[in-house]
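Q:
Residue numbers (the working numbering): 94 to 164.
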């Protein structure tokens, strides 16, 4: 589970909608994109930031482009 802090209101809303609808969401964590399902979105009342808990999913490899073993 990844914990990501967001300061952008629009991104927080998108994460909350993804949580409610059960859709995967891509967020930035240390310059890398993390995709997964959102577990919670909590607003910090003292500052304008949101804490998003995200369960990362492994990247999907397209079966069409798998390496084939030669006989």
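By construction, the Cβ of each residue, glycine as well, lies at the ideal position given by its N, Cα and C atoms.
Let me make sure I understand the geometry here. Which of 129, 141 and 114 has the alpha-carbon closest to that of residue 121?
A: The candidate whose alpha carbon is nearest that of residue 121 is 129.
Q: Could you please give me the residues that DSSP links to residue 115 through a beta bridge?
A: Looking at the DSSP assignment, residue 115 forms no beta bridge with any residue, so it has no partner.
Q: With 16 other CB atoms within 10 Å as the buried threshold, where does residue 131 fall?
A: Classification of residue 131: buried, given that the 10 Å Cβ count is 16 or more.
Q: Of the choices 134, 103 and 112, whose alpha-carbon is the least far from that of residue 143?
A: Among 134, 103 and 112, the Cα nearest to that of residue 143 is on 134.
Q: Would you mind working out which of 99, 98, 103 and 149 sits nearest residue 127, comparing C-alpha positions?
A: Comparing Cα-Cα distances from residue 127 to each of 99, 98, 103 and 149, the minimum goes to 149.
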